[in-house]
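S.K.:
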Amino acid sequence: MALMTISRRSFLGALAAAPAIHAQNKPTDIRIKELGTSYEDFTYRTPIKFGGVEVNRVTLLNVNVVVESRDGKVTKGFGSMPMGNIWAFPSKTLNYDQTLEAMRTLSKKIEKICNGYKEYGHPVDLNHALEPMWLKAAAEIQIAQPIPKLCTLVTGSPFDAAIADAFGRMLNRNAFATYGPDVMRHDLSHYLTPEFKGEYLQKYVLKAPKATMPLYHLVGAVDPIFESDIKKRINDGMPETLAEWINYSGLTHLKIKLNGEDIKWDTDRVLAVDKAASEAQAKRGVKTWNYSLDFNEKCPNVAYLIKMLQDVKQAAPGAFAKIQYIEQPTKRDLKADRANVMHEAAKLRPVVIDESLTDLEALQDARELGYTGAALKACKGQAQALLMAAAAQKWKMFLCVQDLTCPGASLIHSAALAAHVPGVAAIECNSRQYVPVANKAWIAKYPGVFDVRNGRVNTGLLNGPGLSVRL
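Quick note: the sequence shown uses this note's numbering, first residue -6, plus one each step.
#1: Using DSSP with H/G/I as helix, E/B as strand and the rest coil, what is V442?
#2: Run through DSSP, which three-state label would H552 get?
#3: With a threshold of 7 Å on Cβ separation, who are the neighbours of G448 within its own chain once the five nearest residues in sequence on each side are excluded?
#4: How would you label R360, buried or exposed, when you count the other beta carbons within 10 angstroms and need 16 or more for buried?
#5: Using 10 angstroms around the beta-carbon of G374, count the other beta-carbons present and answer buried if the total reaches 16, otherwise exposed.
#6: I'd like the span of the beta strand (DSSP E) that includes G448, first residue to last.
#7: Given that a residue counts as buried once 16 or more other Cβ atoms are within 10 Å of its Cβ, and exposed if not, what is F43?
#8: Helix, strand or coil for Y364, going by three-state DSSP, please let me know.
#9: Exposed or buried, which one is W282 when buried takes at least 16 other CB atoms within 10 Å?
#10: Please list the segments of the beta strand (DSSP E) lying wholly inside the region 269 to 323, counting only runs of 3 or more residues, in order along the chain.
#11: What residues are listed by DSSP as bridge partners for V56?
#12: Could you have a look at P116 and say whether DSSP puts it in helix, strand or coil?
#13: Thinking C-beta only, is N108 closer than 9 Å to L93?
#14: Would you mind sorting G70 into buried or exposed? The rule is 16 or more other CB atoms within 10 Å of its CB.
#15: If you run the structure through DSSP and keep just helix, strand and coil, what is P217?
#16: Since F160 sits in a beta bridge, which residues does DSSP pair it with?
#17: R38 by DSSP, collapsed to three states: which one?
#18: Between the alpha carbons of P400 and G457, how many angstroms are there, rounded?
#19: Kindly list the residues whose CB is nearer than 6 Å to the CB of E33, restricted to its own chain and excluding five residues on each side of it in sequence; keep chain order.
#20: Between A355, N165, K203 and V334, which lies nearest to A412 when the distance is taken from Cα to Cα?
#21: Given a threshold of 16 other Cβ atoms within 10 Å of its Cβ, counted over all protein chains shown, does V295 qualify as buried or as exposed?
#22: Should the region 95 to 103 be called in touch with the region 132 to 152, which here means at least 3 C-beta pairs below 8 Å?
#23: Leaving out five residues before and five after P40 in sequence, what residues of the same chain have Cβ atoms less than 7 Å from its Cβ?
#24: I'd like the list of long-range same chain contacts for S150, defined as Cβ closer than 7 Å, with 5 residues on each side in sequence excluded.
#25: Quick test of your reading: Y37 and V51, contact by CB under 8 Å. State the CB separation rounded to the nearest angstrom.
#26: What does the Cβ neighbour count give for P83, buried or exposed, with the cut at 16 atoms within 10 Å?
#27: Could you compute how far the alpha carbon of T145 sits from the alpha carbon of E124?
#28: For the region 246 to 263 and the region 299 to 306, state whether three or more C-beta atom pairs, one from each stretch, are separated by less than 8 Å.
#29: Which ranges does the beta strand (DSSP E) cover as unbroken runs of at least 3 residues, wholly within the region 174 to 239, from first to last along the chain?
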């Protein structure tokens, strides 16, 4: 709680002026020698709903990079991430294709910036220097609505991942084992606040991944729960109802998407999921399972959230007891929505920020407003995710990792993040539900990751060089 004694002005001043105590060059420092991008497009098996908007397709941004170390080693790296424009760039004036095109334009600008940047450093240092340039480039794009910072982070994330991947491969280490003073020039006070002086990221990151992690299965707002919810079966051999998914994947963790616009609908949705889950788990002989609730910032206010939770508790105490945490209930702009404090709601269950988390200041704002947790995402960048993980751990916050329906290499990146951050108890792998076609080439390489049958993701596999992506 030491940070709470620092004024906001002092906090931001410290952030800008935090001293480096280990700033000499390292022979392992790398620079970008060459970088290129490509795209892949996939159609969803079934639609998913984000913040009231249904999505039925995805574009992946892939990045290949060649880096060179100070001592002359040349290594390749790869990064990939969905361009989740509906989530990262919500708009009432621009349509899906327009926001996607803005992200494509930005990705080309970021590619040019990276190819023109020839300074050496650790991947976290490179991200630290490049991100302000990416934000400036985003601000210069002529479009009807400014590109949000979150959108810039998502667009830049596969570039950051590719660099981290190359660095790990160069050292023949897993990327999560490259955050100590042997290869980092700066301690955490350089990136965060003075209270981190003398600490390195390795203190907050597991060098070896957790062997397995429970799978958090998404129950989307338009997903069928019961057979009666299905208008026409897909009949592709994969599960369609919730009970079918529970049996197929051995599920014990269910993430429930809610609308935040109708308390009765949201309450009934939780009760319906609980009814279906209870029946399926009873047949399996499973007595314990968990829920998380995700409103995608659609609750009008915190009073709505509290009332809805009270209604669930009154109608089904057992369902309420199974709720593990609540994700981003109200608007993502915390500075513009300071009236919606979460202190009372967080007494009921941990309340985490997701869309709101774009930098350290946002994390501090969230703490002041009563949020007790943070959702880490690989789609915001490897460097930022780990820095926020370090700060959240030091401040005793609840942590979870969400995956933005990541397929292929992007799922490997997201799953590895969850597996290497202490305190993260479960993992999302939504692409297996919504875009399995993008995972076909990866299933055999990663048994128990892309096709889960025992309720747990085989994260012990994610310990190869770099970000563990086997190309």
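Just so you know, even glycine gets a beta-carbon here, dropped at the ideal spot from N, CA and C.
M.R.: The relevant details are as follows:
#1: Position 449 of the sequence shown holds residue 442. V442: coil per DSSP, three-state reduction.
#2: Residue 552 lies beyond the range of the chain shown here (-6 to 464); nothing can be said about it.
#3: Counted from its first residue, the sequence shown places residue 448 at position 455. Answer for G448: P207, L208, S242, G243, L244 and T245, listed in chain order.
#4: Your numbering for residue 360 matches position 367 in the sequence shown. The residue is buried, with at least 16 neighbouring Cβ atoms inside 10 Å.
#5: Counting from 1 along the sequence shown, the entry for residue 374 is found at position 381. Under this definition G374 is a buried residue.
#6: Along the sequence shown, read from residue 1 onward, the residue named residue 448 stands at position 455. Run containing G448: none; DSSP gives neither H nor E here.
#7: Walking along the sequence shown from the start, residue 43 turns up at place 50. Buried, by the Cβ-count rule.
#8: The residue you call residue 364 lines up with position 371 of the sequence shown. If DSSP states are grouped into helix, strand and coil, Y364 belongs with coil.
#9: Position 289 of the sequence shown, counted from the first residue, corresponds to residue 282. The residue is buried, with at least 16 neighbouring Cβ atoms inside 10 Å.
#10: 283 to 287 and 316 to 320
#11: The count along the sequence shown starts at 1 and reaches residue 56 at position 63. In the DSSP output, where bridge partners are listed per residue, V56 has T30 and G72.
#12: Looking up residue 116 in the sequence shown gives position 123. Helix, per DSSP.
#13: As a position in the sequence shown, residue 93 is number 100, starting the count at 1. As a position in the sequence shown, residue 108 is number 115, starting the count at 1. No, they are not a contact pair.
#14: Your numbering for residue 70 matches position 77 in the sequence shown. G70 should be labelled buried.
#15: Working through the sequence shown from its first residue, we reach residue 217 at position 224. Coil, per DSSP.
#16: For the purposes of this step, residue 160 is taken as the residue at position 167 of the sequence shown. Note: F160 sits in no beta bridge, so no partner.
#17: On the sequence shown, position 45 is the one that residue 38 refers to. Residue state, collapsed to three classes: strand.
#18: Position 407 of the sequence shown, counted from the first residue, corresponds to residue 400. Position 464 of the sequence shown, counted from the first residue, corresponds to residue 457. Roughly 19 Å between the two C-alpha positions.
#19: What you label residue 33 is simply residue 40 of the sequence shown in a count that begins at 1. Around E33: L53.
#20: If you number the sequence shown from 1, residue 412 lands on position 419. Ranking A355, N165, K203 and V334 by Cα distance to A412 puts K203 first.
#21: By 1-based counting over the sequence shown, the position of residue 295 is 302. Counting Cβ neighbours within 10 Å, V295 comes out buried, since at least 16 surround it.
#22: yes
#23: Along the sequence shown, read from residue 1 onward, the residue named residue 40 stands at position 47. Cβ within range, chain order: E47, V48, N49 and V215.
#24: For this step, residue 150 is matched to residue 157 along the sequence shown. Cβ within range, chain order: M74, A371, C372, K373 and G374.
#25: Within the sequence shown, residue 37 is the residue found at index 44, counting from 1. Within the sequence shown, residue 51 is the residue found at index 58, counting from 1. About 7 Å separates the two Cβ atoms, so the contact holds.
#26: Numbered from 1 along the sequence shown, position 90 holds the residue referred to as residue 83. So P83 ends up on the buried side.
#27: Translated into positions along the sequence shown, residue 145 becomes position 152. Translated into positions along the sequence shown, residue 124 becomes position 131. Going from the Cα of T145 to the Cα of E124 covers about 9 Å.
#28: yes
#29: 206 to 212
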